[in-house]
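Data first, discussion second: the structure below is written as structure tokens.
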Amino acid sequence: MKKITKIVVVTILLIVTLAIITFVVIQFYQKYKKVYYAEDFGIEVIKSNKDMDNDGIDDYTDILQGARKEAENKPKYKSAYYMGGYPPDNEGVCTDVIWRSFKSAGYNLKDMVDEDIKSNIDKYPRVSGKPDPNIDFRRVPNLKVYFEINAINLTTDLGRIEEWQPGDIVIFGTSHIGIISDKRNKKGIPYLIHNSRTTFKRRRCTRT
1 MKKITKIVVV TILLIVTLAI ITFVVIQFYQ KYKKVYYAED FGIEVIKSNK DMDNDGIDDY
61 TDILQGARKE AENKPKYKSA YYMGGYPPDN EGVCTDVIWR SFKSAGYNLK DMVDEDIKSN
121 IDKYPRVSGK PDPNIDFRRV PNLKVYFEIN AINLTTDLGR IEEWQPGDIV IFGTSHIGII
181 SDKRNKKGIP YLIHNSRTTF KRRRCTRT
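All residue numbers for the sequence shown refer to our numbering, where the first residue is 1 and numbers rise by one.
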């Protein structure tokens, strides 16, 4: 009987020890891991109810995946004017991240912006009454106007981390634009997928 009791006690001690070690490892991992996601903060990821390209993936996720693909492609930062509007796949600026991400979701952002300029040309000061389809959709001021008209303005308060969602579009004044990643830092603040030579402060957020 004493031998059985001893075995039971040792087993219990092993289980408790393993539980403590597991708890410590989890806490250490949570504290020092470099990448976090919405679920780590109890945040529900919002999905679009639209699937423009009918690929079984909602538009917000498609836009995010398009932005991630653009980042993986690592296009050279080059600001230039191109006949037809589109730069080569290995070149681009911040605005090229946006239309390429939209293309991944089945949208032609160039046509959408060009059409909106025709309908609301007085609201596009950067156009100055002379639309240029070769460049208009690649200018941040024009995209800012387009999304102000056609999207929902959201918070810029970094303390409200639950309102920052993957696929959101962030516009920094009239100088820079990017897309919110699904990855976050240890405070829950999401990373930005963008193409830039400079670090910017966050100013404005819109989501399609």
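Cβ coordinates follow ideal geometry from the N, Cα and C atoms, glycine included.
For residue 170, which of 191, 16, 131, 69 has the nearest alpha-carbon?
The shortest C-alpha separation from residue 170 is found at 191.
Counting pairs of Cβ atoms below 8 angstroms between the stretch 151 to 171 and the stretch 55 to 63, do you hit three or more?
Touching, yes, given that three or more Cβ pairs across the two stretches are closer than 8 angstroms.
Classify residue 67: buried if its beta carbon has 16 or more other beta carbons within 10 angstroms, exposed otherwise.
Result: buried.
What's the C-alpha gap between residue 142 and residue 136?
Each residue's alpha carbon lies about 7 angstroms from the other.
With DSSP collapsed to three states, give me the class of residue 281.
Absent from the model: residue 281. The displayed extent of the chain is 1 to 208, so no value can be given.
Within the stretch 114 to 173, note down every full alpha helix (DSSP H) run reaching 4 residues or more, in order along the chain.
For the stretch 114 to 173, whole alpha helix (DSSP H) runs of length 4 or above, ordered along the chain, are 140 to 150.
So, at 7 angstroms on beta carbons, what are the nonlocal neighbours of residue 105 in its own chain, with the 5 sequence-adjacent residues on each side left out?
Counting only Cβ-Cβ distances below 7 angstroms, and skipping sequence neighbours, we find 52, 53, 59, 62, 63, 66.
Quick one: what does DSSP say residue 55 is sitting in, helix, strand or coil?
Here residue 55 sits in coil by DSSP.
Suppose you measure from the CA of residue 50 to the CA of residue 20; what does that come to, to the nearest Å?
Approximately 46 angstroms between the Cα atoms of the pair.
Comparing alpha-carbon positions, which option in 120, 144, 133, 179 lies nearest residue 196?
Of the listed residues, the one whose Cα sits closest to residue 196 is 179.
Rounding to the nearest angstrom, what Cα-Cα distance links residue 162 and residue 11 in this structure?
When rounded, the distance between both Cα atoms is 43 angstroms.
To the nearest angstrom, how far is it from the Cα of residue 81 to the Cα of residue 126?
When rounded, the distance between both Cα atoms is 16 angstroms.
Going by C-alpha to C-alpha distance, which of 100, 145, 98, 134 sits closest to residue 121?
Of the listed residues, the one whose Cα sits closest to residue 121 is 145.
Go to residue 183, then tell me how far its beta strand (DSSP E) extends in each direction, as first and last residue.
Its beta strand (DSSP E) spans residues 176 to 184.
Ordered along the chain, which non-local residues of its own chain (more than five positions away) have a Cβ less than 7 angstroms from that of residue 71?
So the list reads 193, once near-sequence residues are dropped.
Comparing alpha-carbon positions, which option in 40, 76, 148, 103 lies nearest residue 185?
Comparing Cα-Cα distances from residue 185 to each of 40, 76, 148, 103, the minimum goes to 40.
Contact defined as beta carbons within less than 8 angstroms: I believe residue 75 pairs with residue 56. What is the distance between those atoms, to the nearest angstrom?
Actually they are not in contact, since the Cβ atoms of residue 75 and residue 56 sit about 27 angstroms apart, beyond 8 angstroms.
With a CB to CB cut of under 6 angstroms and the five nearest residues on each side skipped, what residues in its chain are close to residue 114?
Excluding sequence neighbours, residue 114 sits near 133.
Mark residue 34 as exposed unless 16 or more other C-beta atoms lie within 10 angstroms of its C-beta, in which case mark it buried.
Burial call: exposed.
Near residue 129, what residues of its chain come up, given a Cβ to Cβ distance below 8 angstroms and the 5 sequence neighbours on each side ignored?
So the qualifying residues of the chain are 121.
Candidates 160, 173, 177: which alpha carbon is nearest residue 42's?
The option with the nearest alpha carbon to residue 42 is 160.
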